[in-house]
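In the working numbering, the protein residues as written are 1 to 272.
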């Protein structure tokens with residue numbers, strides 16, 4: 001059987017430059033957090049989705065379908081949160097604060113403090129959050145959120161996992177933490193999901209480059225956002241290079257754009 005060609009992942013990109021360009025067009029100042037160099041470059045996570053066994057692909061399709069159904073229901077019943085790209089970029093600092101709160105939850109369930117959550121720790125986490133899932137379903141979700149093929153679930157993958165669980169199961173997922181922390185987690189998950197729906201106008205769970213281009217330009221009355229900027233932004237999100245961005249890919253991009261990875265590296269004394 002011929003080897004499957006590995007698909008290169010996107011290079012690092014400075015989101016600060018992009019946000020500054022958008023800001024100048026909108027004539028409003030927005031924070032411009034620095035993007036950490038893309039950790040996905042050189043990893044086999046996204047490309048491995050094309051070499052995964054048929055059974056695993058089927059599992060991913062099933063989960064994708066559940067996520068899409070939940071997104072459609074949310075789009076139908078929930079009032080829109082965002083009206084412009086600028087309103088999203090201005091929330092990045094608040095996203096970052098919310099992600100730090102999720103870091104505390106991650107550290108709590110990382111029983112051996114090795115920087116990742118293994119399957120047993122994940123099962124314990126889901127049990128305490130009162131998410132009813134079979135062992136097979138836990139394994140499926142674990143693999144679905146695994147972007148880098150390393151052992152266990154890393155922090156960024158944990159954020160994606162919790163957000164997907166929140167979308168599928170509702171606020172009960174965060175109810176077992178304190179009331180104050182639960183409200184903050186619910187807020188950041190709601191905002192992240194609503195930011196995706198802002199771009200995914202069709203509500204089919206697949207964001208396309210034309211969606212990004214349209215949203216980037218519809219609030220600008222003076223000049224259009226340069227096409228190379230919208231193209232690069234889309235490449236940052238489209239990890240598997242299939243021309244569509246699902247919620248999972250969007251969440252990974254938002255984590256990077258919020259600049260949390262940079263802070264984590266600085267606190268650990270590591271270089272980018």
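The beta carbon of each residue, even a glycine, is placed where N, CA and C say it ideally should be.
Three or more beta-carbon pairs separated by less than 8 Å link the stretch 147-162 to the stretch 113-123, which places the two stretches in contact. Residue 245 sits in a strand when the DSSP states are folded into three classes.
Residues of the same chain with a CB within less than 8 Å of the CB of residue 168, apart from the 5 flanking positions on each side, are 66, 67, 70 in chain order. Under the DSSP assignment, residue 159 falls in the alpha helix (DSSP H) whose first and last residues are 155-169. Taking the C-beta atoms as reference points, residue 147 is found nearer than 9 Å to residue 252. Looking at the backbone, the Cα of residue 95 and that of residue 105 are separated by about 16 Å. Assigned with DSSP and collapsed to three states, residue 254 falls in helix. The DSSP-derived three-state label of residue 207 is strand. Looking at the DSSP output, residue 117 sits in a beta bridge with 153.
Annotation note: the stretch 116-147 contains the following uninterrupted alpha helix (DSSP H) runs of length 4 or greater, listed N- to C-terminal: 119-128, 135-145.
For a cut-off of 8 Å, the C-beta gap from residue 123 to residue 141 is around 11 Å, too long to register as a contact. Relative to the Cα of residue 143, the nearest Cα in the group 204, 259, 235, 157 belongs to 157. Judged by DSSP in its simplified three-state form, residue 98 adopts helix. In the three-state DSSP reduction, residue 239 falls in the coil class, being neither helix nor strand. Between the stretch 70-80 and the stretch 198-217, the count of C-beta pairs closer than 8 Å reaches three or more; the two stretches touch. Ranked by Cα distance from residue 257, the options 78, 55, 57, 88 are led by 88. Note on residue 195: 16 or more other CB atoms within 10 angstroms of its CB, so buried under the neighbour-count rule. By the criterion of a C-beta distance shorter than 8 Å, residue 171 is surrounded in its chain by 182, 186, once the five residues flanking it on both sides are discounted.
Under the three-state reduction of DSSP output, residue 74 falls in the helix class.
At the C-beta level, residue 218 and residue 134 stay beyond 9 Å of one another.
In the structure shown, the three-state DSSP call for residue 93 is helix.
Looking at the backbone, the Cα of residue 229 and that of residue 237 are separated by about 13 Å. Straight through space, the alpha carbons of residue 211 and residue 200 are spaced by roughly 7 Å.
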